[in-house]
Amino acid sequence: MKQTIKNIFFLGVKELRGLSRDWMLLALIAYAFTIGVYVSGNAAGDTISKAAIAVVDEDNSQASKRICDAFFPPMFLPAETITLNEIDPAMDEGKYTFVLVIPSGFEQDVKAGRDPDIQLNVDATRMSQAFTGSGYIQQIINRELAIYENKGVVPKAKVQTVVRNRYNANLTQKWFKGVMQLVSSITMLAIILTGSALIRERENGTLEHLLVMPVTPFEIMFSKIWSMLLVVLIATLVSLLVVIMQLLDTPVNGSIGLFTLGVALHLFAVTSLGIFLACIAQNMPQLGMLLILVLLPMQMLSGGSTPMESMPEWVQYVMQAAPTTHFVEFCQAILFRGAGMSVVWKPFAALFAIGAVLFAFSLSRFRKSVAQ
1469 MKQTIKNIFF LGVKELRGLS RDWMLLALIA YAFTIGVYVS GNAAGDTISK
1519 AAIAVVDEDN SQASKRICDA FFPPMFLPAE TITLNEIDPA MDEGKYTFVL
1569 VIPSGFEQDV KAGRDPDIQL NVDATRMSQA FTGSGYIQQI INRELAIYEN
1619 KGVVPKAKVQ TVVRNRYNAN LTQKWFKGVM QLVSSITMLA IILTGSALIR
1669 ERENGTLEHL LVMPVTPFEI MFSKIWSMLL VVLIATLVSL LVVIMQLLDT
1719 PVNGSIGLFT LGVALHLFAV TSLGIFLACI AQNMPQLGML LILVLLPMQM
1769 LSGGSTPMES MPEWVQYVMQ AAPTTHFVEF CQAILFRGAG MSVVWKPFAA
1819 LFAIGAVLFA FSLSRFRKSV AQ
C-alpha cells in the first residue's frame, strides 16, 4: 500500500513537470480562468441596452410627441425622427433596431376612445434586443398614453406589486455570467488536461516505458487524475478569489471551503471522463472532436443557462447522469444563495457516485488499451 501511494505521488509529479513544459496548455489555463471569466462577466447582457430606435411621426400631435420623447438611455438611444421613405434603406443598413410609425389622426382616435394602431418595425436579426425590446416598447406606449389621457397625471394601479430580488437585488448580470463561465472553464480544462496528458504519453512513446516499470494501470491513471485535478482546483480558487470576487466585485454568500470540496468531487468525475475519452481517441484531433460531441451537450443542458424545469422531461432524466448538472446545482446554491451542506449533500452524493462509475469505466478501458 505504501509503495502504491509512493508510485502515484511521483507519477503525478512527473505529470506536473510535463505540464509545466507545455506552454500552449499553460496559456489556455491562464486565459480560461482569468481573461475568459472577466470578459464573459462584462460582456453584453441579455437585457435590452442602448437600442437604436426611430419614429415616423405622421400625426405630429402632442400625444405622438409624448411617445417620441419617452425613449431614452439606458434601454434605448434617443429616438430619431425619420420619414416613411427612409425606413427600408435605414433598416437595410442596420441603422435602427426598431422603427415606430405613428399614423395621422392618431391623437383624434385616442380622444375618441378608438383603439388606433401603431406599426412597429423590428430588425429580428438582432435577436437579444428584438425579443425583449418589443415588449418594453409596448409598455412605454401604453404608459405614455395613460398619462396623456389623465392630463399628465400618472394613473394609480389597482394592485401594487412589491418586487424583492433575492441574492441579486440589482439584477447585476455580470455576477451570474462570470460564475457560469468559471463553471464551464472548470469542466472544459479538466477533460482537456487529463485527456491530453494520456495522449501525450502515447505520442511520445513514454507510456510503453511506464508499462515495463513496476507500476499498475491504476497507479498511472490515478496519478494523472490527482495531478490535473490539483492544477484545475488551484486555478479555480485563484479565479474565484481574484477575478470573480475582486475584479468583477461579485459577492460570494456561501462557504469557499464547501465550494472547494464540491469542485474536487466534480473534478474527480470529469477527469475520469477525460481519461475515458483519451482511451477512445488516438490523437489530439480526435480528442477535440470527441470533446465537441460530449462537452457541448453537457454544458448546454446542465441548467446553467436554461433552468432544467423548462427542458423536456426525458432530457431532465438523462442529464441526471451528467456531472455538470449537479455541479451547476451546488455552485449556484453555495455561491449565490449561501447554502450549507444540509442543502447540497444530494448533488455531492450524486457527483461522488457518478465519479466512481466513470472512474471504474475509465480504468477498465485504460487497462484494455494498454494491453493491446
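The number in the working numbering is simply the position in the sequence shown, starting from 1, with 1468 added.
Beta carbons: idealized from backbone N, C-alpha and C, even for Gly.
Here the structure is a predicted model, which is why all the values come from computation and not from measurement.
How many angstroms separate the CA atom of residue i from the CA atom of residue j?
{"i": "valine 1825", "j": "arginine 1632", "result": "42 angstroms"}
{"i": "glutamine 1641", "j": "glycine 1772", "result": "13 angstroms"}
{"i": "glutamine 1714", "j": "glutamine 1587", "result": "46 angstroms"}
{"i": "methionine 1648", "j": "leucine 1493", "result": "21 angstroms"}
{"i": "leucine 1803", "j": "leucine 1716", "result": "14 angstroms"}
{"i": "threonine 1472", "j": "serine 1740", "result": "19 angstroms"}
{"i": "methionine 1768", "j": "serine 1664", "result": "23 angstroms"}
{"i": "leucine 1545", "j": "alanine 1538", "result": "10 angstroms"}
{"i": "serine 1837", "j": "isoleucine 1748", "result": "9 angstroms"}
{"i": "methionine 1469", "j": "alanine 1828", "result": "19 angstroms"}
{"i": "lysine 1692", "j": "aspartate 1490", "result": "15 angstroms"}
{"i": "proline 1557", "j": "threonine 1593", "result": "16 angstroms"}
{"i": "leucine 1745", "j": "glycine 1486", "result": "20 angstroms"}
{"i": "valine 1414", "j": "valine 1710", "result": "Outside the displayed span of the chain (1469 to 1840) sits residue 1414, for which this structure offers no information."}
{"i": "isoleucine 1849", "j": "alanine 1807", "result": "As displayed, the chain neither begins before 1469 nor continues past 1840, which places residue 1849 out of reach and without an answer."}
{"i": "methionine 1543", "j": "lysine 1518", "result": "5 angstroms"}
{"i": "alanine 1752", "j": "valine 1720", "result": "Going by the sequence as given, residue 1752 is methionine instead of alanine. Those two C-alpha atoms are separated by around 37 angstroms."}
Leaving out the 5 sequence neighbours to the left and right, which residues in its chain are closer than 8 angstroms to residue i when beta-carbon positions are compared?
{"i": "valine 1683", "result": "Asn1475 and Leu1479"}
{"i": "threonine 1549", "result": "Ala1522, Val1523, Val1524, Asp1525 and Cys1536"}
Quick one: using the 10 Å Cβ neighbour count with 16 as the cut-off for buried, is residue i buried or exposed?
{"i": "glutamate 1777", "result": "exposed"}
{"i": "threonine 1655", "result": "buried"}
{"i": "isoleucine 1760", "result": "exposed"}
{"i": "aspartate 1591", "result": "buried"}
{"i": "glutamine 1750", "result": "exposed"}
{"i": "valine 1507", "result": "exposed"}
{"i": "histidine 1677", "result": "exposed"}
{"i": "alanine 1658", "result": "buried"}
{"i": "alanine 1817", "result": "exposed"}
{"i": "glutamine 1585", "result": "Looking at the sequence shown, residue 1585 is not glutamine but aspartate. Exposed, because fewer than 16 other Cβ atoms sit within 10 Å of the Cβ of aspartate 1585."}
{"i": "valine 1453", "result": "The structure shown does not extend to residue 1453, since the chain is modelled only from 1469 to 1840, so the question has no answer here."}
{"i": "alanine 1821", "result": "exposed"}
{"i": "leucine 1666", "result": "buried"}
{"i": "lysine 1540", "result": "First, the amino acid is wrong: residue 1540 is phenylalanine here, not lysine. Exposed, by the Cβ-count rule."}
Near residue i, what residues of its chain come up, given a Cβ to Cβ distance below 7 angstroms and the 5 sequence neighbours on each side ignored?
{"i": "isoleucine 1535", "result": "Ile1570, Ile1609 and Glu1612"}
{"i": "threonine 1718", "result": "Trp1643, Gly1646, Val1647 and Ile1712"}
{"i": "isoleucine 1605", "result": "Phe1566 and Leu1588"}
{"i": "glutamine 1425", "result": "Only positions 1469 to 1840 of the chain appear in this structure, which leaves residue 1425 out of reach."}
{"i": "tyrosine 1616", "result": "Ala1531 and Arg1534"}
{"i": "leucine 1758", "result": "Leu1745, Ile1748 and Ala1749"}
{"i": "aspartate 1527", "result": "Ile1570, Pro1571, Ser1572, Gly1573, Phe1574 and Glu1575"}
So residue i is in the alpha helix (DSSP H); what residue range does that whole segment cover?
{"i": "aspartate 1525", "result": "Not the alpha helix (DSSP H): aspartate 1525 falls in the beta strand (DSSP E), residues 1521–1525."}
{"i": "glutamine 1649", "result": "1641–1672"}
{"i": "isoleucine 1712", "result": "Looking at the DSSP string, isoleucine 1712 is not in any alpha helix (DSSP H), and its letter there is neither H nor E."}
{"i": "isoleucine 1586", "result": "No alpha helix (DSSP H) holds isoleucine 1586; DSSP gives it neither H nor E."}
{"i": "phenylalanine 1574", "result": "1574–1579"}
{"i": "leucine 1705", "result": "1685–1706"}
{"i": "leucine 1493", "result": "1491–1498"}
{"i": "methionine 1787", "result": "1781–1787"}
{"i": "isoleucine 1535", "result": "1530–1536"}
{"i": "glutamate 1558", "result": "It is alanine, not glutamate, that sits at residue 1558 in the sequence shown. Unbroken alpha helix (DSSP H) run through alanine 1558: 1555–1560."}
{"i": "glycine 1509", "result": "1504–1510"}
Can you find the residues in the same chain that come closer than 6 angstroms, C-beta to C-beta, to residue i, ignoring five residues on each side of it along the sequence?
{"i": "serine 1695", "result": "Gly1480, Glu1483 and Leu1484"}
{"i": "leucine 1650", "result": "Val1505 and Ser1707"}
{"i": "tyrosine 1635", "result": "Phe1804 and Arg1805"}
Sort out for me which residues DSSP pairs residue i with in a bridge.
{"i": "valine 1762", "result": "In DSSP, valine 1762 forms no bridge with anything."}
{"i": "valine 1720", "result": "Beta-bridge pairing links valine 1720 to no other residue."}
{"i": "phenylalanine 1863", "result": "There is no way to answer for residue 1863, as the model of the chain reaches only from 1469 to 1840."}
{"i": "threonine 1549", "result": "Val1523"}
{"i": "phenylalanine 1544", "result": "Ala1519"}
Taking the continuous beta strand (DSSP E) assigned at residue i, which residues delimit it?
{"i": "phenylalanine 1795", "result": "Premise fails: phenylalanine 1795 lies in the alpha helix (DSSP H), 1791–1799, not in any beta strand (DSSP E)."}
{"i": "isoleucine 1570", "result": "1566–1570"}
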